[in-house]
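J.: Following numbering that gives the first Met the number 0 from start to finish, the sequence shown increments by one per residue and tops out at 302. Structure in structure tokens, see below.
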Amino acid sequence: MRILLIHNPKAGDREHSKKQLLASLTRSGHQAFYQSIKKRGWKQAFEKPVDLVIAAGGDGTVHKTAWQLLDSGIPLAILPLGTANNLARSLGFTGSVEEILQSVHCGKRRPFDVGVARTSSRTEYFLEAAGGGLFADYFPVAEANEKKDASPEEELKAHLSLLRELAVDYPARRWKMSIEGEDISDGCILWGAMNIRSAGPALHLAPKAKTDDGQLDFVAVREHERKAFIKHVDAHLAGRKERGSPTARKFRKLIIHSPTGAMHLDGRQWPSGNKNNKRLRGAVEITVKPAALTIWQGDPRHA
0 MRILLIHNPK
10 AGDREHSKKQ
20 LLASLTRSGH
30 QAFYQSIKKR
40 GWKQAFEKPV
50 DLVIAAGGDG
60 TVHKTAWQLL
70 DSGIPLAILP
80 LGTANNLARS
90 LGFTGSVEEI
100 LQSVHCGKRR
110 PFDVGVARTS
120 SRTEYFLEAA
130 GGGLFADYFP
140 VAEANEKKDA
150 SPEEELKAHL
160 SLLRELAVDY
170 PARRWKMSIE
180 GEDISDGCIL
190 WGAMNIRSAG
200 PALHLAPKAK
210 TDDGQLDFVA
220 VREHERKAFI
230 KHVDAHLAGR
240 KERGSPTARK
250 FRKLIIHSPT
260 GAMHLDGRQW
270 PSGNKNNKRL
280 RGAVEITVKP
290 AALTIWQGDP
300 RHA
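Dropping the structure here:
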């Protein structure tokens with residue numbers, strides 16, 4: 000296959016260098032083209048006719064790559080080299096780097112839904128989740144406190160600890176919302192429109208979410224559920240099998256009327272560059288765009 004490798008060279012370790020990754024693909028008989036996502040003009044690499052694109056990096060690299068493939072029909076595979084790797088975990092890209100690359104030749108296509116967030120003046124997409132409250136305020140703090148010398152495991156634990164600290168006294172705000180026209184307004188610490196199972200620091204919020212069912216999962220943590228949510232975070236910190244995820248509800252259309260707090264799309268505050276934490280004005284509509292992306296899922300048994 001002709002494969003375009005979009006790589007974040009700052010992610011992973013020496014075993015994940017340009018040379019090592021290309022060598023692995025070449026050994027499997029593929030014709031590989033390399034593009035660092037850190038280079039200016041990296042998007043021009045998508046002009047090459049290829050059979051597959053591999054995003055090698057963290058969730059940020061996957062997101063940037065995915066937007067270039069929206070509605071293109073060209074499949075995307077993921078080589079998780081980041082910290083949370085939420086998308087990779089949810090889609091089953093959990094083997095070693097070598098195993099994932101060696102299994103590419105026997106992959107199959109999978110449709111992947113994309114979330115859509117609309118206001119009167121903008122339309123943006125998300126892969127993981129959209130939401131409001133705690134996570135929207137957590138993301139910029141987590142980014143500001145990242146340690147360059149920390150291992151992915153240490154960084155993930157630090158992010159979970161930060162989320163727990165913020166959750167203890169984070170204010171519950173009343174959000175005026177409706178699903179398919181039904182009023183579900185309530186006081187929430189956080190709420191999320193989930194496309195995959197996890198959000199933030201690999202925290203499972205919607206264990207039954209599916210990326211190809213044409214729906215999103217709505218979850219919320221209300222004031223009386225604060226302690227249960229903190230226990231849920233504690234379970235992740237301790238490496239235990241978590242219980243007590245928020246109750247999820249499938250939907251196709253969610254409307255947030257005049258947001259009362261910060262919002263986020265995937266791992267960033269929304270609107271982008273919202274340094275002053277300004278609230279969105281007017282209604283926000285969240286829907287789903289079915290099968291907007293194609294995922295290439297390799298079979299490690301045939302690596």
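Every residue, glycine too, gets a C-beta built ideally from N, C-alpha and C. Given the structure is predicted, the values throughout are model-derived calculations rather than measurements.
As an exercise, report each continuous beta strand (DSSP E) stretch of at least 3 residues that is fully enclosed by the region 198-228, in chain order.
T.: 215-221
J.: Quick one, are the C-beta atoms of T82 and P151 less than 9 Å apart?
T.: Looking up residue 82 in the sequence shown gives position 83. Looking up residue 151 in the sequence shown gives position 152. Their beta carbons are under 9 Å apart, which means T82 touches P151 by this criterion.
J.: Run through the region 33-82 for me and flag every whole beta strand (DSSP E) of 3 or more residues, listed as ranges in chain order.
T.: Correct list: 51-56, 75-79.
J.: Roughly how many whole angstroms lie between the Cα atoms of P200 and L155?
T.: Here residue 200 refers to the residue found at position 201 when the sequence shown is read from its first residue. Here residue 155 refers to the residue found at position 156 when the sequence shown is read from its first residue. Each residue's alpha carbon lies about 6 Å from the other.
J.: What residues in its chain sit with their C-beta under 7 Å from that of S271, if we drop five residues either side in the sequence?
T.: Locating residue 271 in the sequence shown gives position 272, where the first residue counts as 1. Answer for S271: no residue qualifies.
J.: Count the CB pairs spanning the region 98-114 and the region 223-232 that are closer than 8 Å, and state whether there are at least three.
T.: Taking a cut-off of 8 Å for Cβ pairs, the region 98-114 and the region 223-232 do not touch, as fewer than three such pairs fall below it.
J.: Among the residues of its own chain, which have a CB less than 8 Å from the CB of E153, if the five just before and after it don't count?
T.: Mapped onto the sequence shown, residue 153 falls at position 154. Cβ neighbours of E153 beyond the five flanking positions: K146.
J.: Should L51 and I2 be called a contact, given that it needs their Cβ atoms to be closer than 9 Å?
T.: If you number the sequence shown from 1, residue 51 lands on position 52. If you number the sequence shown from 1, residue 2 lands on position 3. Yes; because the gap between Cβ atoms is below 9 Å, this pair is in contact.
J.: Can you tell me the Cα-Cα spacing of I294 and S89, whole angstroms?
T.: Locating residue 294 in the sequence shown gives position 295, where the first residue counts as 1. Locating residue 89 in the sequence shown gives position 90, where the first residue counts as 1. So the alpha carbons of these two residues sit roughly 12 Å apart.
J.: Less than 8 Å between the CB atoms is what I'm expecting for S35 and H62, so what's the real figure, rounded?
T.: In the sequence shown, the residue the question calls residue 35 occupies position 36. In the sequence shown, the residue the question calls residue 62 occupies position 63. About 16 Å; that fails the 8 Å criterion.
J.: Does the separation of the CB atoms of D265 and E127 fall below 9 Å?
T.: Here residue 265 refers to the residue found at position 266 of the sequence shown. Here residue 127 refers to the residue found at position 128 of the sequence shown. In this structure, E127 lies closer than 9 Å to D265 by Cβ.
J.: Determine the direct distance from the alpha carbon of S120 to that of A192, and round the result to whole angstroms.
T.: Here residue 192 is taken as the residue at index 193 of the sequence shown, counted from 1. Here residue 120 is taken as the residue at index 121 of the sequence shown, counted from 1. A192 and S120: Cα-Cα distance of roughly 21 Å.
J.: Would you mind sorting P48 into buried or exposed? The rule is 16 or more other CB atoms within 10 Å of its CB.
T.: Numbered from 1 along the sequence shown, position 49 holds the residue referred to as residue 48. Under this definition P48 is an exposed residue.
J.: Which two residues bound the contiguous alpha helix (DSSP H) that contains Y137?
T.: For the purposes of this step, residue 137 is taken as the residue at position 138 of the sequence shown. Run containing Y137: 133-143, per the alpha helix (DSSP H) assignment.
J.: With a threshold of 7 Å on Cβ separation, who are the neighbours of H203 within its own chain once the five nearest residues in sequence on each side are excluded?
T.: For the purposes of this step, residue 203 is taken as the residue at position 204 of the sequence shown. Result list for H203: R196, S197, E241, S244, in chain order.
J.: So, helix, strand or coil for I188, using DSSP?
T.: Looking up residue 188 in the sequence shown gives position 189. Looking at I188 - three-state DSSP - the assignment turns out to be strand.
J.: Looking only at DSSP bridge pairs, what is P110 linked to?
T.: What you label residue 110 is simply residue 111 of the sequence shown in a count that begins at 1. Note: P110 sits in a beta bridge opposite T293.
J.: By Cβ distance below 8 Å, which residues in the same chain neighbour W190 in space, the five residues on each side in sequence not counted?
T.: For the purposes of this step, residue 190 is taken as residue 191 along the sequence shown, with counting starting at 1. These residues qualify, in order along the chain: G130, G131, G132, W174, M176, F217, V218, A219, V220.
J.: Please state whether the Cβ-Cβ distance between Q268 and P170 is less than 9 Å.
T.: Against the sequence shown, residue 268 aligns to sequence position 269. Against the sequence shown, residue 170 aligns to sequence position 171. Not closer than 9 Å, so no.
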